[in-house]
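Report on one structure; see the data block that follows.
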Amino acid sequence: MQDHERAARQSLIDHCCAMNASGLSLGKSGNASLRWGDGLLITPTGRAYDRLQPEDIVFLDADGGCAPGQLIPSSEWRFHCDILRAYPTANAVVHVHSTYATALACLGEGIPAFHYMVAVAGGAEIPCADYATFGSAELSDNVLRVLHGEFKACLMANHGQVAIGKTLADAYALAQEVENLARQYMLARSLGPTRNLPAEEMARVVEKFRSYGQQRSDD
Numbered sequence: 001m002q003d004h005e006r007a008a009r010q011s012l013i014d015h016c017c018a019m020n021a022s023g024l025s026l027g028k029s030g031n032a033s034l035r036w037g038d039g040l041l042i043t044p045t046g047r048a049y050d051r052l053q054p055e056d057i058v059f060l061d062a063d064g065g066c067a068p069g070q071l072i073p074s075s076e077w078r079f080h081c082d083i084l085r086a087y088p089t090a091n092a093v094v095h096v097h098s099t100y101a102t103a104l105a106c107l108g109e110g111i112p113a114f115h116y117m118v119a120v121a122g123g124a125e126i127p128c129a130d131y132a133t134f135g136s137a138e139l140s141d142n143v144l145r146v147l148h149g150e151f152k153a154c155l156m157a158n159h160g161q162v163a164i165g166k167t168l169a170d171a172y173a174l175a176q177e178v179e180n181l182a183r184q185y186m187l188a189r190s191l192g193p194t195r196n197l198p199a200e201e202m203a204r205v206v207e208k209f210r211s212y213g214q215q216r217s218d219d
């Protein structure tokens, strides 16, 4: 295994350990993947993250094929493969069972435009995909249906949330932001109906986010 591949595998482990430490996902729940060559690297199923070694990370080809001699990949490998295929500019997917996002998902609800930061996920809402059994092709189809090539995150009914990024750090940060927005939304709603922003304002914010932050100079 070359050094750059070992580093990529270790990065997956480190981010998953951070998921546990931050409370985004507890125990062995949640999973993460990183585009790698003509396939992806993904966490194995049923293994404690703090005990993983780089060689435990599983390589799948673009269609989910797994070479013999590896650990069994995450049960959610289907939607990782499908998302990376549908989003050619994305390189990482993070899936967590974070408390507030999952609570909303258990109501079958997404997060509406109650705050302008909802636009960080790519649209005027953070939608909720219909429920299907974990690891199933139906679940992957449901997730892709609500993302429809536009959103970078969604909730998953009675399950959790998924976030997409250009880098693993980006996907992880977005999952954190989705959880924070879910918490704020539930707190606001406990005080009364939220005053949601109009579609035209959210469209402006989405556009502003496209160029938000420090831009790299070619000079």
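For what it's worth, full-length UniProt numbering labels the leading residue of the sequence shown as 1, then goes sequentially.
All C-beta atoms, glycine included, are put in the ideal place defined by N, C-alpha and C.
Nothing here was measured: the structure is a model prediction, and the numbers come from that model.
Distance from the CA of G110 to the CA of L181, rounded to the nearest whole angstrom, comes to 11 Å.
For the pair G108 and V206, the CB atoms are not nearer than the 9 Å cut-off. A Cβ-Cβ contact shorter than 9 Å links H80 with L40. P127 counts as buried, since no fewer than 16 other beta carbons sit within 10 angstroms of its beta carbon. In this structure, DSSP gives D61 an extended state, which the three-state scheme calls strand.
Under the three-state reduction of DSSP, Q53 is assigned to coil, being neither helix nor strand. Rounded to whole angstroms, T102 and A86 show a C-alpha spacing of 24 Å.
Taking L174 as reference, the option from A153, A188 and Q184 with the minimal CA-CA separation is A153. G46 and K208 have their C-alpha atoms some 40 Å from each other. In chain order, A92 place their CB closer than 8 Å to the CB of D170, counting only its own chain and leaving out the 5 sequence neighbours on each side. In the displayed model, R35 falls within a strand according to three-state DSSP. Between L24 and the set I13, T133 and V96, the nearest pair of CA atoms involves V96. Annotated as proximal: S33 and I42, with beta-carbon spacing under 9 Å. The alpha-carbon separation between A67 and R189 amounts to approximately 48 Å. Linking T194 to A119 through their CA atoms gives a straight-line distance of about 16 Å. Only residues of its own chain outside the window of five on either side were considered, and among them C154 have a CB closer than 6 Å to the CB of L147, listed in chain order. Contact between the segment 69-77 and the segment 133-145 is present: 3 or more CB-CB pairs across the two stretches fall below 8 Å.
When rounded, the separation of the alpha-carbon atoms in E150 and L139 is 18 Å.
For Q2, no alpha helix (DSSP H) encloses it, and the DSSP letter there is neither H nor E.
Rounded to the nearest whole angstrom, the C-alpha separation of A21 and T99 is 14 Å.
Nearest to R183 by C-alpha distance, out of Q10, L104 and I72, is L104.
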